[in-house]
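Engineer: Under UniProt numbering, the residue at position 426 of the sequence shown is numbered 426, and the numbers go up by one with no gaps. Quick reminder that beta carbons are idealized off the backbone N, C-alpha and C, glycines included. Just dropping this structure here.
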Amino acid sequence: MKQLILAEKPSVAKDLSKVLGANKKTKNYYEGPDVIVTWALGHLLGLKMPEDIDKNWQTWQMETLPMIPKQIGIKPLPKTGQQLKAIKQLAHRKDVKEFVIATDAGREGELVARWILEWIHFNKPVKRLWISSQTNKAIKEGFKHLKPAKQYDDLYESALARSKADWLIGLNISRALTVKYEDSLNAGRVQTPTLSFVRQQEKQIDKFRPQTYYRIELEVEGQKAFRLQKNPYEIKEQQTAQELIEQMKQHTGTVTKVSEKTKTENAPLPYDLTEIQRVANQRYNFSAKKTLSLVQSLYETHKVVTYPRTDSKYLTNDMKKTMKERLQAVANFAPEVKEYIKAGANVKQKAVFNDAKVTDHSGLIPTEQRANSAKFSNDEQKIYNMIVSRFLALFANPHKKLQQKATVAFADEHFVFTQNKVIEAGWKPTEDTSDATAQWQEGQKIRPNFSIKKELTKPPKPLDESTLLEKMEKFDLGTPATRAEIIEKLLRSELMERTPNGLQVSPKGKQLLDLVNSSLVTPDLTKKWEDELEAIAKGKFSANKFLKQIEQDTKQLVKEVKQSQKKYQDFSITQKECPKCGSFLREKNTRDGRIYVCSNSECDYHRRKDPKVSNHRCPQCHKKMEIIEGKNGAYFRCKFDGITEKIPDKKEQKKKMSKQEEKRLVKKYSKPEEPEESPLAIAMKEAMDKE
């Protein structure tokens, strides 16, 4: 009898099959003496769309809203039917005794597998593989300790409730807004408050008015300090600052207090997904989606880091015994690693081990598998370096410095000088210098060496992906695994834009935030929902109770949209007329570039805004030519020199010269021609032949 094992992707299935001895490869699975390893392709199934449930919901109209089905149900996604059919056939084989869920160890991975099990009506025992790395060792250990799938029912219920909530809120509100304002307007329980964060920051910037203020600085033995004041912006006039200096000069400056304190700074904890996305955005300008993809590759392809979609920065106590092996795997990373190994792989940052703070997975750290950096891309190397550096810091001593503060008084005005002396660099090896230059003593007299610094208040900065992720994390919007996709969805739907300075809400996005329900704009309601979803995952809240409340909230939100008197202006409408019906054209962004579509819903006219660039090269300048749609059909045109060419039809393309023929002709015509002999040379040659 055999185990049927379901991986989330073909690449993971391949790795599992090698470890488990499933050497027979077929189109849809690997098979060995004891196991069959197959795979999903991410999600093979999804929730049914409204038109799949009720024919009346096929047409977008306000009368059918809100859509609250008794049962949503699932259906196969496009182009996945063949793999789903193969899994079903394998599941019903007589030699299959049990099913092992080996999809990603998280909410979405659980949902992927459970929907497949539901669709194929599997009724034999089901077990769960739960591992945090893809190394051979981790896979072998994981299969030795398979757990009953029932232990993860709460995780599945939470993922299912999240999916249904997004369906109810997202589809109903988006349809209501789209029908009412006659334009595609997408709203959602997470993406809308996320967009609002960016807009609120923009409003702060718009309100900002720069103000000049003055600060008084005192210099002593090369060190400088500003006058202590409750409000640093309180002096608005230079004359006021000058008068204050004159008053202080009438008194002798005295060091009234000198204090010393040893400050100890422990190493930072390992990254969770959100933090590494934030730091990578600040350091390398990587998008959240790109960072997730890079960490996923290091986990899945190279197998050198632990599970990426984690929301924890802590490690479990049973991981202590693996620290030496993990250090050995990164022995070539830094010279101090060998010292850490000799010292017994002793973790100095003791707080990192905390079972209570590890949820589904631990913080991001290296696996026991040695990395082959030659196989990394440059960007993968950057992310790997970040993860390893954080990990190694756990074994270093704390950073210690002696901080000395000296308070200087001129009557009632005070200045505080701070200087630091590094006692032990510890996990901050680059910070081994000190800024201590002055010798302070209580009662010491100080000369009144003042200066006035003119300053200008600075505006708030626009949110970038790093600061937006920070806000999303603070208000529990989405999960570490979904936040990157939420940002990308806002960009794709043209509600938000990336600029060199940061993220920016589009004119369409600004209007959406004004039109959508106020309770959906603020993060409060969404945070409440996210807290309840987390409680469902921990078995502390009912999924049915949660969804009943979501249904009530949906009804109220749709009602508010219906009753709204707000107006909407479609900024995508151009002044270009449709050649078919005369209506104005709407500019739209698609995966294939920007296009014009007719604003008349009954007209199907559309065309590209900019000509499509082909791979066909211009015969003169050899640059790629554009495809132009003309009255007599499409043709090639070079925008650099104006040359045009007919696009060959399929028959002409088949007649195209093969590569061998092309090489033969090139060789033939590239031979150097023999120089033509002169008449004198010919005559001399003939005379010599006669002799």
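Excluding the 5 residues preceding and the 5 following residue 696 in the sequence, name in chain order all residues of the same chain whose CB lies nearer than 8 angstroms to its CB.
Structural biologist: Here the chain comprises residues numbered 1 to 691, so residue 696 is not present and cannot be evaluated.
Engineer: Run the proximity test for LEU90: is its beta-carbon closer than 8 angstroms to any non-hydrogen atom belonging to the ligand GTP?
Structural biologist: Of the ligands one can find in the structure shown there are none, so the ligand GTP has no counterpart to examine.
Engineer: Which same chain residues, not among the five before or five after ALA329, have their C-beta less than 8 angstroms away from its C-beta?
Structural biologist: Excluding sequence neighbours, ALA329 sits near VAL304, PRO366, THR367, GLU368, GLN369, ARG370, ALA371.
Engineer: Judging by CA-CA distance, which residue of LYS382, GLN439, LEU491, PHE541 is the nearest neighbour of LEU195?
Structural biologist: Among LYS382, GLN439, LEU491, PHE541, the Cα nearest to that of LEU195 belongs to LEU491.
Engineer: If distances are taken between C-alpha atoms only, which option among ARG594, MET625, SER132, ALA634 comes closest to PRO308?
Structural biologist: The shortest Cα separation from PRO308 among ARG594, MET625, SER132, ALA634 belongs to SER132.
Engineer: So for PHE475, helix, strand or coil by DSSP?
Structural biologist: In the structure shown, PHE475 sits in coil (DSSP, three-state: anything other than H, G, I, E or B).
Engineer: Report the three-state DSSP secondary structure of ILE387 (helix, strand or coil).
Structural biologist: Here ILE387 sits in helix by DSSP.
Engineer: Taking 6 angstroms as the limit between beta carbons, can you name the residues of its chain near LEU292, skipping five residues before and five after?
Structural biologist: Closer than 6 angstroms at the Cβ level, and outside the excluded window around LEU292, lie ALA484.
Engineer: I need the straight-line Cα distance from ALA356 to ALA13, nearest angstrom please.
Structural biologist: Computed Cα separation, rounded: 32 angstroms.
Engineer: Could you tell me which residues DSSP puts in a beta bridge with SER259?
Structural biologist: SER259 is bridged to LYS405.
Engineer: Note down, one range per segment and in chain order, each beta strand (DSSP E) of at least 3 residues found wholly within the UniProt domain "Toprim" (2-135).
Structural biologist: The UniProt domain "Toprim" (2-135) contains these whole beta strand (DSSP E) runs: 2-7, 29-31, 35-39, 45-47, 74-76, 96-102, 126-128.
Engineer: Tell me the DSSP secondary structure of ILE205 in three-state form.
Structural biologist: Of the three classes helix, strand and coil, the one that applies to ILE205 here is helix, per DSSP.
Engineer: From which residue to which residue does the beta strand (DSSP E) around MET625 run?
Structural biologist: 624-630 is the extent of the beta strand (DSSP E) around MET625.
Engineer: For the beta strand (DSSP E) holding LEU295, just list the boundary residues, first then last.
Structural biologist: Checking the sequence, you will find Val at residue 295 rather than Leu. Premise fails: VAL295 lies in the alpha helix (DSSP H), 288-300, not in any beta strand (DSSP E).
Engineer: How long is the line joining the alpha carbons of ASN123 and LEU364, rounded to whole angstroms?
Structural biologist: Those two C-alpha atoms are separated by around 36 angstroms.
Engineer: Return the first residue and the last residue of the beta strand (DSSP E) that LEU585 is part of.
Structural biologist: Taken as a continuous stretch (DSSP letters only), the beta strand (DSSP E) holding LEU585 covers 584-590.
Engineer: Count the other C-beta atoms from every protein chain shown that fall within 10 angstroms of the C-beta of LEU228, then say buried if there are 16 or more, exposed otherwise.
Structural biologist: Counting Cβ neighbours within 10 Å, LEU228 comes out exposed, since fewer than 16 surround it.
Engineer: So, under 8 angstroms CB-CB, GLN403 and LYS263 are touching, yes? Tell me the CB distance rounded to an integer number of Å.
Structural biologist: That pair is a contact at about 5 angstroms.
Engineer: Is it true that the CB of PRO210 sits closer than 9 angstroms to the CB of LEU456?
Structural biologist: Yes. Within cutoff.
Engineer: The beta strand (DSSP E) with VAL422 in it runs from where to where?
Structural biologist: Taken as a continuous stretch (DSSP letters only), the beta strand (DSSP E) holding VAL422 covers 413-424.
Engineer: Just to confirm my understanding: we take residue 780, look at its own chain, exclude 5 residues before and 5 after, and list those with CB closer than 7 angstroms. What are they?
Structural biologist: Given that the chain is displayed from residue 1 to residue 691, the structure contains no residue 780 and the question cannot be resolved.
Engineer: Looking only at C-alpha atoms, which of LEU244, GLN563, PHE584 sits nearest to ASP570?
Structural biologist: Answer by Cα proximity: PHE584.
Engineer: For the candidate residues LEU327, GLY42, LEU171, whose alpha-carbon lies nearest to that of ILE550?
Structural biologist: The candidate whose alpha carbon is nearest that of ILE550 is LEU171.
Engineer: What is the rounded straight-line gap between the Cα of VAL100 and the Cα of VAL35?
Structural biologist: Cα-Cα distance, rounded: 10 angstroms.
Engineer: Could you tell me how far apart the beta carbons of ALA187 and LEU520 are, in whole angstroms, since I believe they sit closer than 8 angstroms?
Structural biologist: At roughly 6 angstroms, the Cβ-Cβ gap stays under 8 angstroms, so ALA187 and LEU520 are in contact.
Engineer: Where do the ends of the alpha helix (DSSP H) carrying ASP528 lie?
Structural biologist: Before going further, note that residue 528 is Lys rather than Asp in the sequence given. Here the alpha helix (DSSP H) through LYS528 covers 523-537.
Engineer: What span of residues does the beta strand (DSSP E) with PHE226 cover, start to end?
Structural biologist: PHE226 -> beta strand (DSSP E) spans 223-226.
Engineer: What would DSSP say about THR430, mapped onto helix, strand or coil?
Structural biologist: THR430 falls in the coil class under three-state DSSP.
Engineer: By how many angstroms is the C-alpha of TYR214 removed from the C-alpha of THR254?
Structural biologist: Cα to Cα, THR254 sits roughly 24 angstroms from TYR214.
Engineer: Look up SER184 in the DSSP assignment and say whether it is helix, strand or coil.
Structural biologist: If DSSP states are grouped into helix, strand and coil, SER184 belongs with coil.
Engineer: Should PRO675 be labelled buried (16 or more other beta-carbon atoms within 10 Å of its own) or exposed?
Structural biologist: With a pLDDT of 49 at PRO675, under the threshold of 50, the predicted position of this residue should be treated as unreliable, though the coordinate-derived value follows. PRO675 should be labelled exposed.
Engineer: When you compare only the Cα positions, how much space is there between GLU577 and ASN28?
Structural biologist: Approximately 51 angstroms between the Cα atoms of the pair.
Engineer: Helix, strand or coil, according to DSSP, for ASN231 in the structure here?
Structural biologist: DSSP places ASN231 in coil when its eight states are reduced to three.
Engineer: Would you mind giving the Cβ-Cβ distance between PRO462 and GLY509, rounded to the nearest angstrom? I have them listed as a contact below 8 angstroms.
Structural biologist: No, PRO462 and GLY509 are not in contact; Cβ-Cβ is about 14 angstroms, not under 8 angstroms.
Engineer: Applying the 10 Å Cβ sphere with the 16-neighbour rule, what's the burial state of LYS375?
Structural biologist: Per the 10 Å Cβ criterion, exposed.
Engineer: Let me check understanding here. Comparing Cα to Cα, which of ILE536, GLY539, ASP553 lies closest to LEU525?
Structural biologist: The shortest C-alpha separation from LEU525 is found at ASP553.
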